[in-house]
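What follows is a set of notes on a single structure, which appears directly below.
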Amino acid sequence: MPRRDDIAGRKPRFIGFLLIVLDLLLVSSASLACSIFPPIVNVAADFDVLVVDNGRPIAGIPIQVFKIGPKSDQPLLTLKSDDNGKVAIRGLAAGDYSVESKGAIWVPGFVARVGDRKAKKLTKLVEFHWPFNQIVQTQSLRGRL
Numbered sequence: 040m041p042r043r044d045d046i047a048g049r050k051p052r053f054i055g056f057l058l059i060v061l062d063l064l065l066v067s068s069a070s071l072a073c074s075i076f077p078p079i080v081n082v083a084a085d086f087d088v089l090v091v092d093n094g095r096p097i098a099g100i101p102i103q104v105f106k107i108g109p110k111s112d113q114p115l116l117t118l119k120s121d122d123n124g125k126v127a128i129r130g131l132a133a134g135d136y137s138v139e140s141k142g143a144i145w146v147p148g149f150v151a152r153v154g155d156r157k158a159k160k161l162t163k164l165v166e167f168h169w170p171f172n173q174i175v176q177t178q179s180l181r182g183r184l
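Each number in our numbering comes from the position in the sequence shown (counting from 1) with 39 added on.
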C-alpha cells in the first residue's frame, strides 16, 4: 500500500503538467486567431489566372503552382503573367493546388481545387491580387487588434 507521502508527491507534479499543457493550448490558439487562410476556388483542369493590382493587369509577375500534399517542396509549374496579366494553367490532375507568387516578395494566392464533384460551378478565370492587399473580413473579433 502506498504511503501518504508518495501520493502527495505525485499530485503537485500532475497539476504542474496540466498547467503547462493548458498554457500551450492557450498560446497556440491565440496565435491562430490572426492567421489568414487562402480562399479555395473550384476550378476546371484548364483555367487562367489574371494578376491585378488595384484592378489593373500586371505583366511579368511570377506565379507558382504547388501540389498540396507531402511532396510540395518544388513547384509543379512556374509561369509569368503575359502583357495582359494572364497566366494560363493547363492540364492539372484532380486535387488541391496552391497558387502563389514567389518573386521579389511572397504573395499568398488561393487554393485551386480541381475535380471536385460537389462543385456547382467551375471557375475558368481567377483574379490574383498582387501585392496582397485585400481587406480581411471576419465574423467576430475579440480582444485587442
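All C-beta atoms, glycine included, are put in the ideal place defined by N, C-alpha and C.
Going by the DSSP bridge assignment, what does residue i pair with across the sheet?
{"i": "L118", "result": "I102"}
{"i": "P96", "result": "V91"}
Taking residue i as part of the beta strand (DSSP E), name the residues at either end of that continuous run.
{"i": "D135", "result": "134-141"}
According to DSSP, is residue i part of a helix, a strand, or is it coil?
{"i": "I59", "result": "helix"}
{"i": "L161", "result": "coil"}
{"i": "P147", "result": "strand"}
{"i": "N123", "result": "coil"}
{"i": "F167", "result": "strand"}
{"i": "F76", "result": "coil"}
{"i": "R129", "result": "coil"}
{"i": "R152", "result": "strand"}
{"i": "D85", "result": "strand"}
Between residue i and residue j, what straight-line distance do the alpha-carbon atoms span, to the nearest angstrom?
{"i": "A143", "j": "L116", "result": "18 Å"}
{"i": "V91", "j": "Q103", "result": "16 Å"}
{"i": "V88", "j": "R183", "result": "36 Å"}
{"i": "S70", "j": "G148", "result": "In this prediction, S70 has a pLDDT of 49, which is less than 50 and means its spatial position is unreliable; nothing more can be read from the coordinates."}
{"i": "S68", "j": "P77", "result": "For S68, the predicted structure reports a pLDDT of 48, less than 50, and the residue's modelled location is therefore unreliable. A value from the coordinates is still provided. Each residue's alpha carbon lies about 19 Å from the other."}
{"i": "G108", "j": "A133", "result": "13 Å"}
{"i": "N123", "j": "N81", "result": "23 Å"}
{"i": "Y136", "j": "K159", "result": "19 Å"}
{"i": "W169", "j": "P101", "result": "10 Å"}
{"i": "G99", "j": "I59", "result": "50 Å"}
{"i": "T162", "j": "F86", "result": "7 Å"}
{"i": "K106", "j": "L131", "result": "10 Å"}
{"i": "G94", "j": "K110", "result": "34 Å"}
{"i": "L32", "j": "V150", "result": "Outside the displayed range of the chain (40 to 184) lies residue 32, so it cannot be described from this structure."}
{"i": "K119", "j": "K157", "result": "31 Å"}
Say yes only if the C-beta of residue i is nearer than 7 Å to one or more non-hydrogen atoms of the ligand FMN, and no if none qualify.
{"i": "R95", "result": "Annotation note on the ligand FMN: not contained in the displayed structure, which lists no ligands."}
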